[in-house]
Amino acid sequence: MDAFAVSVASGFIISRLRIRHALRIAFFFGGFQALMPVAGWLAGLQVRAYIAGIDHWVALALLTIIGVRMIRESRRCGLECRKADPLKWPVLLMLSVATSIDALAVGITFALLETDIWMPVLIIGGVTFLFSFIGVILGDRFGHVFEKKIEMIGGFILIAIGIKIVIEHLITGQ
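For the sequence shown, the numbering used here begins at 1246 and goes up steadily by one.
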């Protein structure tokens, strides 16, 4: 769900969207959603206590940094001078990690339950790829309606997702 929302926000701020742009974002988000459970599974019990305590804060920090940057840039100079471009590698990497960090905990859970992870990983990655691709396209379509405020809206969406992750963690304790 987070990857979909960030994909929509990304589609909002990309001018002249091409299919390859949507594919790049979908590939990153789907790939990270598939790789993070594997990394968590491999890490297993050794790092569970450390990750469980900070994963939500890491996601909040990454999403807030990018979100604030997008809001600041939208207020400073509008769409013509975007710097938080979701197609740039550093931004795309940070967004991918931030939206998939919960999947790391899923991988740790798989390790604790001694569950085979390969089929779930393929499904998670494939579904995330599809939803991210669709999200970018939807964001592009709606982005033209809100043209002047798109980057600001996208920034607020990213910050809201980060806050949601922290609230979920605080409520569930996971």
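For glycine and all other residues, C-beta sits at the position ideal for the given N, C-alpha and C.
When you compare the CB positions of residue i and residue j, do they come within less than 8 Å of one another, or not?
{"i": "S1377", "j": "F1249", "result": "yes"}
{"i": "Q1278", "j": "G1370", "result": "yes"}
{"i": "V1251", "j": "T1344", "result": "yes"}
{"i": "G1312", "j": "I1404", "result": "yes"}
{"i": "F1257", "j": "I1408", "result": "no"}
{"i": "G1352", "j": "I1368", "result": "no"}
Taking the C-alpha atoms as reference points, what is the distance between residue i and residue j?
{"i": "C1326", "j": "L1332", "result": "Annotation note: pLDDT 48 at C1326 (below 50); position unreliable, coordinate value reported separately. Roughly 14 Å separates the two Cα atoms."}
{"i": "R1320", "j": "L1375", "result": "32 Å"}
{"i": "S1255", "j": "E1359", "result": "37 Å"}
{"i": "R1276", "j": "L1337", "result": "The sequence given here has Gly at residue 1276, not Arg. One C-alpha to the other measures close to 12 Å."}
{"i": "W1286", "j": "T1309", "result": "27 Å"}
{"i": "I1316", "j": "L1262", "result": "21 Å"}
{"i": "I1259", "j": "F1274", "result": "16 Å"}
{"i": "A1350", "j": "I1402", "result": "23 Å"}
{"i": "E1413", "j": "M1339", "result": "21 Å"}
{"i": "D1330", "j": "I1299", "result": "27 Å"}
{"i": "V1390", "j": "I1270", "result": "22 Å"}
{"i": "K1394", "j": "R1314", "result": "14 Å"}
{"i": "E1318", "j": "G1418", "result": "35 Å"}
{"i": "I1406", "j": "D1247", "result": "7 Å"}
Please report the Cβ distance between residue i and residue j, rounded to the nearest whole angstrom; I am assuming they are in contact, meaning their Cβ atoms lie under 8 Å.
{"i": "V1381", "j": "H1301", "result": "So it is not a contact: roughly 25 Å between Cβ atoms."}
{"i": "M1281", "j": "I1379", "result": "Contact doesn't hold; Cβ gap of about 21 Å is too wide."}
{"i": "G1400", "j": "V1253", "result": "About 13 Å; that fails the 8 Å criterion."}
{"i": "V1411", "j": "L1305", "result": "5 Å"}
{"i": "V1204", "j": "V1283", "result": "No statement about residue 1204 is possible, as the shown extent of the chain runs from 1246 to 1419 and does not include it."}
{"i": "G1289", "j": "A1348", "result": "The pair is not a contact, with the Cβ atoms about 15 Å apart (cut-off 8 Å)."}
Notebook entry, point to check: Residue ranges of each beta strand (DSSP E) run of no fewer than 3 residues wholly in the segment 1331 to 1371, ordered along the chain?
Noted result: Entirely contained in the segment 1331 to 1371, not one beta strand (DSSP E) run reaches 3 residues.
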